[in-house]
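Heads up: the protein sequence lines correspond to chains A and B, in order.
To convert, note that position 152 of the first sequence is 152 in the UniProt record's numbering; the numbers rise steadily by one, no gaps.
To convert, note that position 340 of the second sequence is 340 in the UniProt record's numbering; the numbers rise steadily by one, no gaps.
2 protein chains.
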Amino acid sequence: MELARATNRSVRLRNRSALLSRLFLDGPLTRQDLMRSTGLSQPAISNVVSDLIGEGLVVEAGVAESDGGRPSMMLRVAPRFAFVIGVDVGETLVRVELFDLAMTVLARAGYPLDPARTEPATVAGHVLAGIDAVTTQARVSCADVLGVGIGVSGVVEQGTEAVVHAQALGWDRVPLERLIRSGTDLPLHIDNGANTLGQAEMWFGAGRGARHAVFALVGSGVGAALMTNGVAYRGASSSAGEWGHTTLVYGGRTCRCGARGCLEAYVGAEAIIDRYQEAHGGRAVPGGDEESRIAALVEAAASSPTARRVLEETAGYLGAGVANLINLFNPERVVLGGWTAMALGGLLPAIREAAGRQALRQPYEQASIELCRLGVDAVALGAATLPVARLLATGGLRPTVDNHHR
Amino acid sequence: MELARATNRSVRLRNRSALLSRLFLDGPLTRQDLMRSTGLSQPAISNVVSDLIGEGLVVEAGVAESDGGRPSMMLRVAPRFAFVIGVDVGETLVRVELFDLAMTVLARAGYPLDPARTEPATVAGHVLAGIDAVTTQARVSCADVLGVGIGVSGVVEQGTEAVVHAQALGWDRVPLERLIRSGTDLPLHIDNGANTLGQAEMWFGAGRGARHAVFALVGSGVGAALMTNGVAYRGASSSAGEWGHTTLVYGGRTCRCGARGCLEAYVGAEAIIDRYQEAHGGRAVPGGDEESRIAALVEAAASSPTARRVLEETAGYLGAGVANLINLFNPERVVLGGWTAMALGGLLPAIREAAGRQALRQPYEQASIELCRLGVDAVALGAATLPVARLLATGGLRPTVDNHHR
DNA sequence: ACAGCTTAATTAATGTCGTCATTAAAGTGG
DNA sequence: CCACTTTAATGACGACATTAATTAAGCTGT
Chain A
1 MELARATNRS
11 VRLRNRSALL
21 SRLFLDGPLT
31 RQDLMRSTGL
41 SQPAISNVVS
51 DLIGEGLVVE
61 AGVAESDGGR
71 PSMMLRVAPR
81 FAFVIGVDVG
91 ETLVRVELFD
101 LAMTVLARAG
111 YPLDPARTEP
121 ATVAGHVLAG
131 IDAVTTQARV
141 SCADVLGVGI
151 GVSGVVEQGT
161 EAVVHAQALG
171 WDRVPLERLI
181 RSGTDLPLHI
191 DNGANTLGQA
201 EMWFGAGRGA
211 RHAVFALVGS
221 GVGAALMTNG
231 VAYRGASSSA
241 GEWGHTTLVY
251 GGRTCRCGAR
261 GCLEAYVGAE
271 AIIDRYQEAH
281 GGRAVPGGDE
291 ESRIAALVEA
301 AASSPTARRV
311 LEETAGYLGA
321 GVANLINLFN
331 PERVVLGGWT
341 AMALGGLLPA
351 IREAAGRQAL
361 RQPYEQASIE
371 LCRLGVDAVA
381 LGAATLPVAR
391 LLATGGLRPT
401 VDNHHR
Chain B
1 MELARATNRS
11 VRLRNRSALL
21 SRLFLDGPLT
31 RQDLMRSTGL
41 SQPAISNVVS
51 DLIGEGLVVE
61 AGVAESDGGR
71 PSMMLRVAPR
81 FAFVIGVDVG
91 ETLVRVELFD
101 LAMTVLARAG
111 YPLDPARTEP
121 ATVAGHVLAG
131 IDAVTTQARV
141 SCADVLGVGI
151 GVSGVVEQGT
161 EAVVHAQALG
171 WDRVPLERLI
181 RSGTDLPLHI
191 DNGANTLGQA
201 EMWFGAGRGA
211 RHAVFALVGS
221 GVGAALMTNG
231 VAYRGASSSA
241 GEWGHTTLVY
251 GGRTCRCGAR
261 GCLEAYVGAE
271 AIIDRYQEAH
281 GGRAVPGGDE
291 ESRIAALVEA
301 AASSPTARRV
311 LEETAGYLGA
321 GVANLINLFN
331 PERVVLGGWT
341 AMALGGLLPA
351 IREAAGRQAL
361 RQPYEQASIE
371 LCRLGVDAVA
381 LGAATLPVAR
391 LLATGGLRPT
401 VDNHHR
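Written out as structure tokens, the structure is:
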């Protein structure tokens with residue numbers, strides 16, 4: 001199982017990684033805090049920290065209050081030690097953002113996509129243009145960029161090179177990594193948008209502190225990110241979490257994936273609109289795009305019993321879907337996100353109740369069901385955490401032997 | 001995330017654990033094999049191995065073939081270094097088995113349960129009696145028993161003391177660990193029977209070599225064991241894998257758990273019998289217990305179109321349930337077990353086909369769907385692997401400081 | 001049968017790294 | 001300015017793995 005041999009160096013590596021992670025995730029801490037939370041001895045902490053400071057990864061940031069005794073020095077990850085870029089390849093927009101290590105946005109760029117023809121090459125071009133745009137805009141050298149995280153709304157098969165299957169974009173086996181690679185040397189991390197969003201919520205949002213959490217995303221499509229033992233679970237070929245296409249109504253409505261009775265065929269935005277239309281005698285929901293029509297539907301629920309009933313049914317389906325997640329994963333937390341779920345925020349009590357009806361008592365009581373905190377824009381933020389996660393995991397050591405950078 | 005500090009000792013610990021695990025799981029190996037598979041240097045291997053041999057954990061077992069050059073020495077875990085006990089607390093029987101470290105059965109004991117009144121104290125008594133029986137029968141001292149693994153058909157909440165919720169036995173919050181603890185000092189490992197069975201298949205059966213696998217068990221009840229990254233995933237309160245109570249037919253048949261449309265309400269043994277009876281105009285399936293009635297039904301399918309249809313429908317439901325597992329977990333392998341699934345073995349092609357209809361293409365193609373190899377008796381074997389897993393994880397060092405045992 | 005070759009295992013020297021114990025530093029309060 | 005307290009830095013020590021060099025133990029062919 002464990003294939004990595006342990007050597008004396010790996011001890012240092014692990015400890016560096018542990019300290020750096022604590023500092024990154026839990027803000028400024030003193031050496032004493034680190035000592036308590038990692039269990040390492042004082043000299044070891046000081047030793048590692050002095051390395052990290054020497055390399056510019058960590059900086060001292062003021063002194064802590066003290067009532068008697070030498071006050072301890074606050075330590076934090078140097079915000080400008082390096083930068084990361086997060087990209088959100090959505091169905092209608094490619095958004096590129098540049099962050100420092102405090103995850104503050106320094107620059108943004110956006111490129112609308114024509115849903116009719118979303119050529120992979122076009123998207124790759126947008127990503128490369130965005131990288132260029134945000135770095136020049138913020139006057140950041142590419143040499144100081146740790147890497148580029150890219151969240152794509154589709155299945156991302158990780159291999160030697162990430163390959164993307166995105167039904168919504170009409171992509172099948174698109175070698176997105178290779179396409180982007182041809183225009184930049186920056187390290188690339190491509191992942192499912194649901195996973196990157198989940199990662200953002202896990203580190204900075206509703207998932208903080210949870211060990212096992214599920215991020216259930218309902219937008220045009222329906223998906224989920226599974227966090228087990230604090231990290232994303234991706235499965236054998238990185239497609240785990242395809243919650244939207246689990247069967248909830250055996251033999252039910254036909255889903256756009258071809259199967260019948262998928263959850264997405266009941267609670268995806270399009271499905272909700274369709275169901276309302278059917279219930280309403282064929283009359284369509286007013287409004288232009290899906291997003292405004294869902295908003296209109298939610299508003300109409302105040303006066304229209306039909307709209308209300310459709311939304312209540314939606315809560316029932318969604319609750320059952322959440323119950324399935326709870327029964328299978330036994331998470332501490334289920335976080336609902338995605339723009340449709342956000343628009344349906346008022347249904348949360350009904351969803352909870354429906355989940356309670358369908359889930360087993362014991363796991364249901366262990367799980368809290370909440371709304372996400374960061375909004376849908378967090379896909380890029382979450383993507384940007386991917387290179388950061390790598391930095392933390394490697395203890396801040398660049399993979400190759402270019403340790404001369406300081 | 002990682003709370004364990006790394007120290008120089010932990011290096012040795014990890015390497016011991018890695019070597020021991022390789023030796024246990026992949027049979028006799030040479031020092032050279034270990035060197036290649038772990039990446040450690042030759043002297044390090046020799047050093048650790050000589051410790052292990054000195055402590056009696058490992059023995060040399062003959063020499064390997066050689067065509068020129070000094071032949072290497074085969075090494076293996078000493079079968080009689082220690083013993084483990086596995087217990088299967090089923091719904092009708094408590095089975096206790098004693099194994100050596102080669103996982104050879106040395107002694108067995110069985111205690112039928114009266115399903116009407118399965119008092120926790122009675123079960124605990126049977127377990128204790130069984131421990132006594134198998135150790136005396138095989139003339140093994142309790143001091144040489146590493147621990148007792150117990151697989152229970154119910155949710156096992158791990159805490160300071162394992163607490164069992166077993167609907168089928170009418171148990172709620174039963175402090176089984178405390179009950180057994182009062183009669184023995186042996187280390188106890190209590191877990192869900194599905195998990196222990198999955199563990200057995202993972203190490204010795206259909207799961208060998210898989211990193212991510214799901215063991216789907218269909219018997220009277222329906223459950224699953226989830227193996228992620230080679231180990232059981234238990235979730236926040238150890239109830240992960242409650243596949244049987246996920247909703248497959250929204251608003252469908254009422255399940256014994258109280259919810260509606262659970263998978264178990266369609267493919268559990270009782271449900272199949274009920275569905276046949278309904279389809280057959282109320283006439284019951286002949287036969288005594290569930291097991292023989294399912295067998296009768298399978299046999300009847302050769303001549304009765306009704307029976308055939310019921311079984312085909314069952315394959316459809318089961319396939320959809322498997323598809324849900326595939327979509328959510330993206331496993332390399334789905335292994336079907338449990339006595340009902342075994343009886344329905346002939347349906348495997350139909351189940352595969354149904355799963356293919358409902359699952360997404362990409363994850364479906366990545367997953368193989370197979371029958372289990374070890375049979376239902378493997379619950380005790382799997383339970384017995386729990387103390388072994390602990391031994392391997394700790395590198396063969398007893399937790400307390402009693403290293404003077406050799 | 002014995003040199004000559006190959007592969008396996010052990011020994012020796014080196015270097016990394018965390019721990020314990022001790023010392024230096026940097027505050028507060030009387 | 002001197003006790004007292006808490007934080008940080010040193011130095012001796014021991015645990016371990018690594019590389020390089022030896023020794024051990026078998027084959028092969030003349």
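Ideal Cβ positions, reconstructed from N, Cα and C, are used throughout, including at glycine.
Worksheet item: Secondary structure at residue 48 (chain A), three-state DSSP: helix, strand or coil?
Response: DSSP, reduced to helix, strand and coil, places residue 48 (chain A) within a helical segment of the structure shown.
Worksheet item: residue 215 (chain A) to residue 341 (chain A), Cα distance in whole Å?
Response: Straight through space, the alpha carbons of residue 341 (chain A) and residue 215 (chain A) are spaced by roughly 11 angstroms.
Discussion item. To the nearest angstrom, how far is the alpha carbon of residue 338 (chain A) from that of residue 348 (chain B)?
Written reply: 38 angstroms
Item to complete: Would you list, in sequence order, the uninterrupted beta strand (DSSP E) runs of no fewer than 3 residues that lie entirely inside the segment 104 to 184 of chain A?
Response: Entirely contained in the segment 104 to 184 of chain A, the beta strand (DSSP E) runs reaching 3 residues are, in chain order, 105 to 112, 145 to 152, 155 to 157, 163 to 166, 171 to 174.
Practice prompt. Look up residue 192 (chain A) in the DSSP assignment and say whether it is helix, strand or coil.
Written response: DSSP places residue 192 (chain A) in the strand class (E or B) of the three-state scheme.
Practice prompt. Below 9 angstroms between beta carbons is the criterion; list the residues of the segment 245 to 273 of chain A that meet it against any residue of chain B, in chain order.
Written response: 245, 246, 247, 248, 249, 250, 251, 252, 257, 258, 259, 260, 261, 262, 266
Discussion item. Distance cutoff 8 angstroms, beta carbons only. Does residue 161 (chain B) sit that close to anything in chain A?
Written reply: no
Item to complete: Taking residue 289 (chain A) as part of the beta strand (DSSP E), name the residues at either end of that continuous run.
Response: Run containing residue 289 (chain A): none; DSSP gives neither H nor E here.
Practice prompt. Starting from residue 8 (chain B), find everything on chain A with Cβ-Cβ shorter than 9 angstroms and list it in chain order.
Written response: For the C-beta of residue 8 (chain B), the chain A residues within less than 9 angstroms are, from N- to C-terminus, 8, 11.
Worksheet item: Out of B:390, B:186, B:204, B:156, which has the shortest C-alpha to C-alpha gap to residue 173 (chain B)?
Response: B:156
Worksheet item: Going by Cα to Cα distance, which pick from B:6, B:277, B:201, B:14 is closest to residue 17 (chain A)?
Response: B:6
Worksheet item: Helix or strand or just coil, what does DSSP make of residue 285 (chain A)?
Response: coil
Discussion item. So if I threshold CB-CB distances at 7 angstroms, which residues from the segment 31 to 45 of chain B count as touching chain A?
Written reply: 38, 39, 40
Fill in: Range covered by the beta strand (DSSP E) that runs through residue 337 (chain A)
333 to 337
Worksheet entry | residue 292 (chain B) versus residue 26 (chain B): straight-line alpha-carbon distance, rounded | 39 angstroms
Worksheet item: Got a sec, what are the start and stop residues for the alpha helix (DSSP H) residue 275 (chain A) sits in?
Response: Note, residue 275 (chain A): alpha helix (DSSP H), 269 to 279.
Worksheet item: By DSSP, does residue 311 (chain B) sit in helix, in strand, or in coil?
Response: helix
Discussion item. DSSP three-state label for residue 361 (chain B), please.
Written reply: helix
Item to complete: Could you tell me whether any Cβ in chain B is nearer than 8 angstroms to the Cβ of residue 171 (chain A)?
Response: No, residue 171 (chain A) lies away from the interface with chain B (no Cβ there is under 8 angstroms from its Cβ).
Practice prompt. Determine the closest residue to residue 288 (chain B) out of B:297, B:306, B:33, with distance taken between C-alpha atoms.
Written response: B:297
Item to complete: Reducing DSSP to helix, strand and coil, say where residue 86 (chain A) ends up.
Response: strand
Fill in: Option in B:201, B:230, B:229, B:179 with minimal Cα separation from residue 373 (chain B)
For residue 373 (chain B), the nearest C-alpha among the options comes from B:201.
Item to complete: Could you spell out where the beta strand (DSSP E) holding residue 33 (chain B) opens and where it closes?
Response: Following the DSSP letters along the chain, one finds residue 33 (chain B) in no beta strand (DSSP E) but inside the alpha helix (DSSP H) bounded by residues 31 to 38.
Worksheet item: Where does residue 18 (chain B) fall in DSSP's three states?
Response: helix
Item to complete: Kindly indicate which three-state DSSP category residue 304 (chain A) falls into: helix, strand or coil?
Response: Here residue 304 (chain A) sits in coil by DSSP.
Practice prompt. Let me know the secondary structure DSSP gives residue 75 (chain B) once reduced to three states.
Written response: strand
Worksheet entry | Under 8 angstroms between C-beta atoms of residue 8 (chain A) and residue 11 (chain B) | yes
Worksheet item: Between the C-alpha atoms of residue 222 (chain A) and residue 315 (chain A), what's the straight-line distance to the nearest angstrom?
Response: 14 angstroms
Discussion item. For residue 188 (chain A) and residue 236 (chain A), I'd like the C-alpha separation in whole angstroms.
Written reply: Going by the C-alpha atoms only, they are around 20 angstroms apart.
Practice prompt. Please say whether residue 224 (chain B) and residue 241 (chain B) have beta carbons closer to each other than 8 angstroms?
Written response: A contact, by the Cβ cut-off of 8 angstroms.
Worksheet item: Cα separation between residue 73 (chain B) and residue 30 (chain B)?
Response: 6 angstroms
Worksheet item: Are there three or more Cβ pairs, one per stretch, closer than 8 angstroms when the segment 100 to 112 of chain A is compared with the segment 151 to 169 of chain A?
Response: no
Worksheet item: For the segment 317 to 350 of chain B, which residues have a CB atom closer than 9 angstroms to at least one CB atom of chain A, in sequence order?
Response: Answer set for the segment 317 to 350 of chain B: 317, 320, 321, 323, 324, 325, 326, 327, 328, 329, 330, 331, 332, 333.
Practice prompt. Output the boundary residues of the alpha helix (DSSP H) element that contains residue 374 (chain B).
Written response: From DSSP, residue 374 (chain B) is part of no alpha helix (DSSP H); its letter is neither H nor E.
Practice prompt. Please name the residue or residues paired with residue 100 (chain B) in a DSSP beta bridge.
Written response: B:83
Worksheet entry | Contacts of residue 363 (chain B) in chain A (Cβ-Cβ under 9 angstroms) | 155, 235, 236, 237, 239, 240, 242
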